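Student: Be aware that the sequence shown starts at 1, since it is given in full-length UniProt numbering, and climbs by one per residue. Dumping the structure here so I can ask a few things about it.
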Amino acid sequence: MRKQVQKLGRLKLVVVITLVASCLAVIGNVSLSFIFDFNTSLWEDIFRAALIPVFVVPFVSWHLAGLFYKIDRLERDVSMMARIDELTLVSNWRFFYQQSDDWHRAESNRDAEYAFFVLDMDFFKCINDRYGHACGDAVLEKFGRILREFAPRPNIIGRIGGEEFAVFLPNMSQATAEAVANKICQGAKKMLIEHEGEQVACSVSIGVSMNINHHQDSIENAFKYADLALSYAKESGRNCYRVYNSDQKRLVV
Ligand SMILES: Nc1nc2c(ncn2[C@@H]2O[C@H](COP(=O)(O)OP(=O)(O)OP(=O)(O)O)[C@@H](O)[C@H]2O)c(=O)[nH]1
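What follows is the structure, encoded as structure tokens:
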């Protein structure tokens with residue numbers, strides 16, 4: 001019902017309410033006149049009954065419909081703010097975890113392979129210190145766009161906090177996960193932010209864990225191993241990815 005009202009729009013809703021109110025008033029008035037025999041003509045009854053709804057109902061329903069659409073929009077905004085990171089437009093940590101965990105539970109009786117990325121911008125403090133926090137924010141915003149482009153749905157992207165992100169890639173082989181990680185690294189490297197006539201460059205390091213969800217593992221473990229792989233990527237000079245296989249309990253790339 002709510003969805004239909006949303007689709008209808010304010011003007012059409014007012015027209016529908018006015019028509020319904022007028023019809024009900026006419027039916028009511030004609031029935032009363034018939035029962036109590038008011039001695040008036042049918043057209044008189046119809047005219048008198050429709051007079052008030054036609055003038056009053058559009059005015060009242062226009063304002064009520066406006067209120068409904070305003071509350072509805074506010075509700076949608078609040079619900080979005082509770083799930084989406086405003087700067088990067090990816091899921092916040094809580095919503096990211098909830099979606100990943102939902103998939104993990106739903107697929108727990110199947111040998112589904114999945115990848116978990118932890119991504120951290122390189123030397124981000126230097127960007128903030130040298131170009132200012134607003135420029136750092138512009139880098140994060142653009143990086144959010146790159147993640148959405150190279151890891152689209154059904155992959156799940158989240159901002160863990162600060163300059164750290166996570167991506168959950170369901171039904172993913174190691175080869176495809178590596179290709180995605182590679183594209184993200186290259187995309188970040190090519191990304192240039194215009195700042196007071198200067199081009200600001202950045203890079204990202206990615207830790208990847210490859211997991212099979214029948215092995216009594218958990219999202220927490222996938223995260224832990226991806227974080228471990230990330231520390232290897234940082235140690236290896238940054239701007240690269242490393243892969244940890246949770247099954248073999250070792251770094252494979
Ligand atoms: N602009 C901006 N900066 C942020 C935000 N959140 C965290 N930071 C900054 O991100 C920086 C993170 O710095 P570090 O954890 O030292 O890491 P790093 O400089 O990226 O170095 P490595 O990770 O070792 O490559 C800090 O200076 C934080 O203030 C944010 O939302 N916007």
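Cβ coordinates follow ideal geometry from the N, Cα and C atoms, glycine included. If you're wondering where the values come from, they're calculated on a predicted model, not measured in any experiment.
Near F143, what residues of its chain come up, given a Cβ to Cβ distance below 8 Å and the 5 sequence neighbours on each side ignored?
Tutor: If we look at F143 and ignore the five residues flanking it on each side, its Cβ neighbours are T88, M121, F165, A188, M191, C202 and V204.
Student: Using only the heavy atoms of ligand 1, determine whether one of them is closer than 7 Å to the beta carbon of residue 329.
Tutor: The structure shown does not extend to residue 329, since the chain is modelled only from 1 to 253, so the question has no answer here.
Student: Less than 8 Å between the CB atoms is what I'm expecting for V208 and A181, so what's the real figure, rounded?
Tutor: That pair is a contact at about 6 Å.
Student: Less than 8 Å between the C-beta atoms of N213 and E141, yes or no?
Tutor: Not in contact: N213 and E141 (Cβ atoms no closer than 8 Å).
Student: Should D122 be counted as a contact of ligand 1 given a C-beta to heavy atom distance under 7 Å?
Tutor: At least one heavy atom of ligand 1 is nearer than 7 Å to the Cβ of D122, so yes.
Student: Which of the three DSSP states, helix, strand or coil, is assigned to E235?
Tutor: Helix.
Student: Quick one: is S91 buried, meaning 16 or more other Cβ sit within 10 Å of its Cβ, or exposed?
Tutor: By the neighbour-count rule (16 or more Cβ atoms within 10 Å), S91 is buried.
Student: Is it buried or exposed for A177, if we count other Cβ within 10 angstroms and need 16 for buried?
Tutor: Buried is the call here.
Student: Do you know offhand how far I156's Cα is from E149's?
Tutor: Approximately 12 Å, taken between the alpha carbons.
Student: By Cβ distance, which residues of its chain are closer than 8 Å to W43, with the 5 residues on each side in sequence left out?
Tutor: Closer than 8 Å at the Cβ level, and outside the excluded window around W43, lies no residue.
Student: Among L32, A65 and V26, which one has its Cα closest to the Cα of L8?
Tutor: Among L32, A65 and V26, the Cα nearest to that of L8 is on A65.
Student: Buried or exposed: where does L147 fall if 16 or more other Cβ atoms within 10 Å of its Cβ makes it buried?
Tutor: L147 is buried by the Cβ-count criterion.
Student: Can you pull the DSSP bridge partners for F223?
Tutor: Per DSSP, none; premise fails for F223.
Student: Within 7 Å: the Cβ of D137 and any heavy atom of ligand 1?
Tutor: Yes - ligand 1 has a heavy atom lying nearer than 7 Å to the Cβ of D137.
Student: Give the DSSP-derived three-state secondary structure of H195 in the structure shown.
Tutor: Reduced to three states, the DSSP call for H195 is strand.
Student: Any idea what DSSP makes of A166, helix, strand or coil?
Tutor: Here A166 sits in strand by DSSP.
Student: If distances are taken between C-alpha atoms only, which option among T40, I219 and W62 comes closest to D102?
Tutor: For the residues T40, I219 and W62, the minimum Cα distance to D102 belongs to I219.
Student: What residue range is occupied by the uninterrupted alpha helix (DSSP H) comprising L8?
Tutor: Looking at the DSSP string, the run of the alpha helix (DSSP H) that includes L8 is R2 to L8.
Student: What do you get for H133, buried or exposed, if any count of 16 or more other CB atoms within 10 angstroms of its CB means buried?
Tutor: Flag for H133 reads exposed.
Student: Can you tell me the Cα-Cα spacing of V253 and G237, whole angstroms?
Tutor: In a straight line, the C-alpha of V253 is about 14 Å away from that of G237.
Student: Should R238 be listed as close to ligand 1, given that the test is whether its C-beta is under 7 Å from any heavy atom?
Tutor: Within the cutoff, so yes.
Student: Pick out the complete beta strand (DSSP E) segments inside the region 128-168, 3 residues or longer, and give them in chain order.
Tutor: Runs found: 156-161.
Student: Of the residues S246, K234, N239 and E198, which one's Cα is nearest the Cα of K224?
Tutor: Comparing Cα positions, the closest option is S246.
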